[in-house]
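Peer 1:
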Amino acid sequence: MTRWSTRIGDHEAHLWLVEPDDIRAPELLDAYDALLTQDERDKRDRFRFERDRHTCLVTRALVRTTLSRYVDVAPQAWRFETNEYGRPAIASPREAGELKFNLSHTRGMVACIVGWNRDVGVDVEDRDRTGRLLDVADRFFSPSEVRALRSLPDQEQWDRFFLYWTLKESYIKARGMGLAIPLSHFSFDVERDVTIAFDPKLDDTPERWQFTAFSRGRRHAVAASMGRKPPERVQLLVRETVPLR
Ligand SMILES: CC(C)(COP(=O)(O)OP(=O)(O)OC[C@H]1O[C@@H](n2cnc3c(N)ncnc32)[C@H](O)[C@@H]1OP(=O)(O)O)[C@@H](O)C(=O)NCCC(=O)NCCS
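Read left to right, the sequence shown gives residues 67 to 311 (our numbering).
#1: Please classify Ser291 as buried or exposed, where buried requires at least 16 other C-beta atoms within 10 Å of its C-beta.
#2: Give the list of continuous beta strand (DSSP E) stretches no shorter than 3 residues that lie fully inside the region 108-176.
#3: Measure the CB-CB distance between Val267 and Leu249 and report whether it falls below 8 Å.
#4: Given Gln301, which residues of its chain have a CB within under 7 Å of its CB, disregarding the five upstream and five downstream residues?
#5: Which value, in whole angstroms, describes the spacing of the CA atoms of Glu298 and Gln276?
#6: Measuring alpha carbon to alpha carbon, tell me which residue in Tyr151, Arg130, Leu95 is nearest Ser158.
#7: Scan the region 260-300 and note each continuous alpha helix (DSSP H) run of 4 residues or more that stays entirely inside, going in chain order.
#8: Pair every Cβ in the region 190-205 with every Cβ in the region 217-235, then say whether three or more of these pairs are closer than 8 Å.
#9: Tell me the rounded alpha-carbon separation between Ala214 and Ala143.
#10: In chain order, which continuous runs of the beta strand (DSSP E) of length 3 or greater are located wholly inside the region 234-264?
#11: Would Glu211 be called buried (16 or more neighbouring beta carbons within 10 Å of its own) or exposed?
#12: Taking the alpha-carbon positions, what's the Arg305 to Val188 distance?
#13: Express the C-alpha separation of Ser281 and Arg311 in angstroms, rounding to a whole number.
#14: May I ask you to report which of helix, strand or coil DSSP gives Ala100?
#15: Can we count Thr172 as close to ligand 1, meaning its CB is less than 7 Å from some heavy atom?
#16: Identify whether Ser202 lies in helix, strand or coil by the three-state DSSP scheme.
#17: Return the bridge partner residues of Glu191 from the DSSP annotation.
#18: Roughly how many angstroms separate the alpha carbons of Met67 and Leu303, rounded to a whole number?
#19: Just to check, is the beta-carbon of Arg153 closer than 7 Å to a non-hydrogen atom of ligand 1?
#20: Relative to ligand 1, is the shortest distance from any of its heavy atoms to the C-beta of Val180 smaller than 7 Å?
#21: To the nearest angstrom, how far is it from the Cα of Ala91 to the Cα of Phe207?
#22: Might you give, ordered along the chain, the residues of its own chain that have their beta carbon closer than 6 Å to the beta carbon of Pro154, omitting 5 neighbours on each side?
#23: How many angstroms separate the CA atom of Val180 from the CA atom of His251?
#24: Please name the residue, chosen from Gln104, Arg110, Arg173, Leu83, that lies closest to Thr132 on a Cα-to-Cα basis.
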């Protein structure tokens with residue numbers, strides 16, 4: 067995760083991270099607003115809480131300014147469409163359609179992953195939350211993930227839970243199908259490298275994928291799924307940014 071340029075190398079994917087709570091300058095927020103379509107403004111305004119409206123605005127600014135790093139298109143000129151499962155992709159300009167991206171947002175962090183003609187998915191989660199994690203795991207994770215989680219000492223279960231969660235979400239997002247893929251139909255093994263195993267019902271093979279997972283600060287768990295053509299190794303470059311700064 068060292069070298070960096072805004073050209074995506076043949077064997078790279080890029081991950082851009084933003085901390086939305088740090089972005090408060092009114093002139094910057096006005097500049098973000100000016101990038102949005104009326105539909106995007108309407109979507110933002112439907113959120114009840116200011117925090118969610120702010121995250122939505124920063125997310126829109128991030129995806130638009132990020133895509134414009136790679137292709138000579140103005141940030142406000144991008145148009146998006148969603149597939150039947152809700153995944154956004156570039157609708158216009160069509161020539162840029164090989165630029166694939168995926169978004170994720172949680173309290174305190176927004177992420178945009180970009181790949182050139184490569185399926186990509188990202189998930190960020192805030193570990194600072196309460197909940198009955200073993201109940202959630204029992205409901206959503208595969209039997210081997212639940213076994214591995216339950217075998218850990220209590221103090222390690224929280225981080226492992228979010229590791230599985232973010233990996234699983236990043237995979238279903240890279241496939242573009244969201245929860246139409248049952249989360250129990252594939253399993254992550256994270257003991258050494260991160261590897262995946264598929265239930266035969268899922269039409270996929272482990273060789274087609276590469277995964278990266280890491281922590282950002284104390285709070286955030288991040289995972290990325292990147293499609294690949296074996297034996298290719300994909301390098302994920304990670305960078306923090308503030309859109310338009
Ligand atoms: C999209 C989904 C896969 C993940 O949503 P999430 O983790 O709640 O939210 P994230 O912030 O990570 O991702 C949301 C973004 O993903 C993108 N997205 C939406 N549908 C998508 C899909 N089918 N495939 C890929 N990306 C999608 C969108 O850009 C969306 O952000 P936007 O609406 O601001 O544009 C969704 O199916 C979902 O609701 N998941 C529920 C989470 C859950 O219960 N997990 C169980 C524990 S493993």
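No residue lacks a Cβ here, since even glycine has one placed at the ideal position from N, Cα and C.
Peer 2: On the basis of the coordinates in this document:
#1: The residue in question, Ser291, is buried, as its Cβ has 16 or more Cβ neighbours within 10 Å.
#2: Runs found: 145-148, 154-158, 165-172.
#3: Here residue 267 is Lys; the residue named in the question, Val, does not match the sequence. With respect to Leu249, Lys267 sits apart: the two C-beta atoms are not nearer than 8 Å.
#4: His77, Glu78.
#5: Roughly 9 Å between the two C-alpha positions.
#6: Comparing Cα-Cα distances from Ser158 to each of Tyr151, Arg130, Leu95, the minimum goes to Arg130.
#7: Considered as a whole, the region 260-300 harbours no complete run of any alpha helix (DSSP H) with no fewer than 4 residues.
#8: Of all C-beta pairs linking the region 190-205 to the region 217-235, three or more are shorter than 8 Å, placing the two stretches in contact.
#9: Rounded to whole angstroms, Ala214 to Ala143 spans 47 Å at the Cα level.
#10: As far as the region 234-264 is concerned, its whole beta strand (DSSP E) runs of at least 3 residues are 252-255, 261-264.
#11: That one is buried.
#12: When rounded, the distance between both Cα atoms is 14 Å.
#13: Their Cα atoms are separated by approximately 25 Å.
#14: Helix, per DSSP.
#15: Yes, since a heavy atom of ligand 1 falls inside the 7 Å radius drawn around the Cβ of Thr172.
#16: In the sequence as displayed, the identity of residue 202 is Val instead of Ser. Assignment of Val202 by DSSP, reduced to helix, strand and coil, places it in the helix class.
#17: Glu191 is bridged by DSSP to Ala287.
#18: Residue confidence for Met67 is low, a pLDDT of 37 falling below 50, so the modelled location carries little weight; the figure read from the coordinates is stated next. One C-alpha to the other measures close to 5 Å.
#19: At least one heavy atom of ligand 1 sits closer than 7 Å to the Cβ of Arg153.
#20: A distance criterion of 7 Å places the beta-carbon of Val180 beyond contact range of ligand 1, judged by its closest non-hydrogen atom.
#21: Those two C-alpha atoms are separated by around 41 Å.
#22: Excluding its 5 nearest sequence neighbours in each direction, Pro154 has C-beta neighbours in its own chain below 6 Å: Phe146, Thr148, listed in chain order.
#23: Rounded to the nearest angstrom, the two C-alpha atoms are 26 Å apart.
#24: Nearest of Gln104, Arg110, Arg173, Leu83 to Thr132, Cα basis: Leu83.
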